Amino acid sequence: MKDIISYVQEKKIPLAVHINLTRRCNLHCLHCCVGKGRKTAFGQAGTAEAGFELGLMHIQRVFEELAQVGCLLLTLSGGEVLLRDDLLEIISRARELDFAVKIFTNGTLVGRKEAQAFHRLRIQEVHVSLYGADAKIHDLITGVSGSWTKSMEGIRWLREEGVAVKVKCPIMKQNLAEYRKVYELAVSLGADYAFDPMITVRDDGNRDPLNYRISQEDLQMVLADPIFQTKRKSDREREESFACSASMMSEISEEVLCSAGHYICFISPEGDINPCVQLPIFCGNILEHDFQWIWYHSPQMLRIRNLRMKDVRGCNNCRYLPWCARCPGLAYLEDGDLLGPSSAACWMVQAKEGDRQFNNQIKANNQIQPIVT
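Just so you know, we're using the working numbering here: the sequence shown kicks off at 3 and counts up by one.
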């Protein structure tokens, strides 16, 4: 594994690329991280007008360029990715080029036809967002009555056709008491599951979603839940999260900030390329430059790639540093400083490591009773 990682680092191969195909969505989720505009820094945004989406021809050309430089995994998302009428054509070309493809969706537009197509195209996994084990909480969060029922129908169609599904449930104030029920529901459906308490600022800088982030006390109880302990262990063993794996990055270099711009990147619906989906720093647009030039020569991409831990300010003497999973993108979005302390990381690491006695007591009791706020 180490030899492979060294080769990837030496050749600067973009192994995993996340592409948002649209900003359009049929739901109105409270916490949605997709903003209305394009947040930029260290440069200007592309010239595409608001509402513009890359066409099929442009996307297929990008796929061909990605194949030439060694990309292996494509994640296709939105917005709601199934609002693209040409989605199956897009996926078909990706599979012809032997990319592994993951789809992120809310599931409401998945019917038998779509599930059969995903099976035929051998989609690696479909991630479906689910915010509760029943309609009341889920529909409250999505802002659309009936959305839970449609999402569940989509999941069932996918499972019936043998498509691998991961149920993803962001944990926030509104659904804190639901995640264990969602876990049980996912298991009953034969689906994998993932929970994430890290509610983030939108990619246009809008901070409204932070109002829904749970308290640190509740976070401590969530992280001490045996469900999370088991899940983290199994994920490490299977190395499912290689696209942003801290262990993989430590193999590359102990001094590198993260994987952004090293072996992952993000392409927006307008064709803007950023080092990561979580790091909205404009590095170029594929309508103005080809992917290879942006990846290998863009001054902004090179600047991000050349950053090291020694460039981070205000963290070197922190007692939580050995356990901290600081995300430069979240530091930039939430705190306005790519190289400064990250409020999100501080919130998380203090809950995980800052009160071990509390965590051990919760684990010993093996009873998690989330506080609904």
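Every residue, glycine too, gets a C-beta built ideally from N, C-alpha and C. These figures come from a predicted structure and were not determined experimentally.
Check                                                                                                                                                               : Outcome
Based on Cα-Cα distance, which residue from D220, M200 and P228 lies nearest to A333?                                                                               : M200
Residues in its own chain within less than 7 Å of L58 by CB, not counting five upstream and five downstream?                                                        : D88, E91 and I92
Does D205 pass the burial test, meaning 16 or more other C-beta atoms within 10 Å, or should it be called exposed?                                                  : buried
At the level of alpha carbons, what is the spacing between H20 and R63?                                                                                             : 16 Å
For the beta strand (DSSP E) that S153 lies in, which residues bound it at each end?                                                                                : First-last for S153: S149 to E162, but that is the alpha helix (DSSP H), not the beta strand (DSSP E).
Rounded C-beta distance between V83 and F65? I'm assuming under 8 Å.                                                                                                : Contact flag wrong, Cβ pair sits at about 15 Å.
Could you tell me the alpha carbon to alpha carbon distance between E355 and G342, rounded to whole angstroms?                                                      : 21 Å
At which residue ranges does the segment 76-116 contain complete beta strand (DSSP E) runs of 3 or more residues, listed in the order of the chain?                 : 102-107
Return the chain-ordered list of same chain residues with a C-beta closer than 6 Å to the C-beta of N208, the five sequence neighbours on each side being excluded. : G37
Kindly indicate the opening and closing residues of the alpha helix (DSSP H) around A353.                                                                           : S345 to E355
Taking G145 and H30 to be in contact with their CB atoms under 8 Å, please state how far apart those CB atoms are, rounded to whole angstroms.                      : 4 Å
Under a Cβ-count criterion, where at least 16 other Cβ atoms within 10 Å of its own Cβ denotes burial, should N308 be classed as buried or exposed?                 : exposed
Give the DSSP-derived three-state secondary structure of N276 in the structure shown.                                                                               : strand
Tell me whether the beta-carbon of V71 lies closer than 8 Å to the beta-carbon of Q294.                                                                             : yes
Do the segment 181-188 and the segment 258-274 meet, that is, are 3 or more Cβ pairs less than 8 Å apart?                                                           : no
How long is the line joining the alpha carbons of A102 and V165, rounded to whole angstroms?                                                                        : 14 Å
Can you tell me where the beta strand (DSSP E) with E66 in it begins and where it stops?                                                                            : No beta strand (DSSP E) holds E66; the alpha helix (DSSP H) holding it covers L58 to Q70.
By how many angstroms is the C-alpha of A137 removed from the C-alpha of L212?                                                                                      : 23 Å
Can you name the start and end residues of the beta strand (DSSP E) that E186 belongs to?                                                                           : Unbroken run through E186 is the alpha helix (DSSP H), Y181 to S190; no beta strand (DSSP E).
According to DSSP, is L309 part of a helix, a strand, or is it coil?                                                                                                : coil
Does DSSP classify V165 as helix, strand or coil?                                                                                                                   : coil
Using only CA atoms, which one of I7, R25, T24 and C348 lies nearest to S217?                                                                                       : C348
Which runs of the alpha helix (DSSP H) at least 4 residues long sit entirely within the segment 119-148? Give them in chain order.                                  : 137-144
Could you tell me the distance, in whole angstroms, from the CA atom of Y322 to the CA atom of I173?                                                                : 23 Å
Rounded C-beta distance between G109 and N22? I'm assuming under 8 Å.                                                                                               : Actually they are not in contact, since the Cβ atoms of G109 and N22 sit about 17 Å apart, beyond 8 Å.
How many angstroms separate the CA atom of R305 from the CA atom of N177?                                                                                           : 39 Å
What are the start and end residues of the beta strand (DSSP E) that includes A196?                                                                                 : D194 to D198
Please list the terminal residues of the continuous beta strand (DSSP E) segment that includes F293.                                                                : From DSSP, F293 is part of no beta strand (DSSP E) but of the alpha helix (DSSP H) over F293 to H299.
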